[in-house]
Amino acid sequence: MGLEFTRGNGARCPPFLVGGLMIMCLFLLCSWWSLYSDNFELLRQNDNLAAQLKMSHEEQSNCQNQLTQLEIQINAVKEADQEIQLQCQRNIDAYETKLETMKKERKVKSHDYDALKEEMNSLETRLKGEEKKVLDLQKELESKNERVSELERDAAEKTKILNDLEKKLSALDVKGSAQIDLNKPIAKVLEKKLKKNEDAGESARADQNEAQSPLLKSEVVETPTHDENNGAETKVDDAVADDADPREREMLDNANNAETS
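Per full-length UniProt numbering, numbering through the sequence shown is continuous, rising by one, with the last residue being 261.
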């Protein structure tokens, strides 16, 4: 009875229950600490992620700005490329037009060159022909000059002979009126022959001038041929020889016979 009074009125707590509660409290404390540590780590990671997200937003913004600038540059480059292509196309068209024009001009110049070449060949051929004509005319002129020299020598000889005859006739004594009448026609004949010799010299000089004139105007004036000139010279000599009539020739022969006697 006394032992039960000392124990008290309330019920005693079992030690196993207290130990279990303490263990549970310790377990809860450990769990709380673990959760707190995990939460702190998660908060720190969250802050890091937020910072990284902010940086990523900034980088994304920078990338977006750079992308916008690159798009602007690409558009500018495309526009410049299009302008360059248009300019190149215009230049190509202009060069093609110029090339076609140059080809046409070259064709025209080639045609003109061929025409000029043909004309030059024809002119060379014509020049050779003219040179040949000039050489022939020079030869003919030389022959004419020789003929003129011969005619001048003949005229000089005939003039000398006539002068000698005049001297001899003047030296002869006048034998009578018949002789005087004879000397008059002889003197006339001599004067006519002298005049014919002078005319022959002048005609020979005229032939020489006519032979020289085609050298300057070979295409305008047609020169006489060699046969025609020889015919003209033969006609002059025949005119000189046949000038006197038979009566005067007979009187001249009689005068010559008288001189020789």
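Cβ atoms here follow ideal geometry from the backbone N, Cα and C, with glycine treated the same way.
Rounded to whole angstroms, the gap between the alpha carbons of LYS158 and ALA171 is 19 Å. Within the same chain, and ignoring the five residues on either side of ARG205 in sequence, the residues whose Cβ sits closer than 8 Å to its Cβ are VAL148. Annotation: PRO14 is outside any alpha helix (DSSP H) and is labelled neither H nor E by DSSP. Non-local beta-carbon contacts of LEU127 in its own chain, meaning distances under 8 Å to residues more than five positions away in sequence, are absent.
If you check the CB distance, LEU194 and LEU169 do not come in under 7 Å.
Cβ neighbours of LYS139 within its own chain (closer than 6 Å, five residues either side excluded): none. With fewer than 16 other Cβ atoms inside 10 Å of its own Cβ, ALA51 counts as exposed. Residue burial annotation: LEU26 is exposed, with fewer than 16 other C-beta atoms found within 10 angstroms of its C-beta. Distance from the CA of SER143 to the CA of GLU131, rounded to the nearest whole angstrom, comes to 18 Å. Secondary structure of LEU172 (DSSP, three-state): coil. Residue environment for LEU42: exposed (fewer than 16 other C-beta atoms within 10 angstroms of its C-beta).
Between ALA200 and LEU151, the gap from beta carbon to beta carbon is short of 7 Å.
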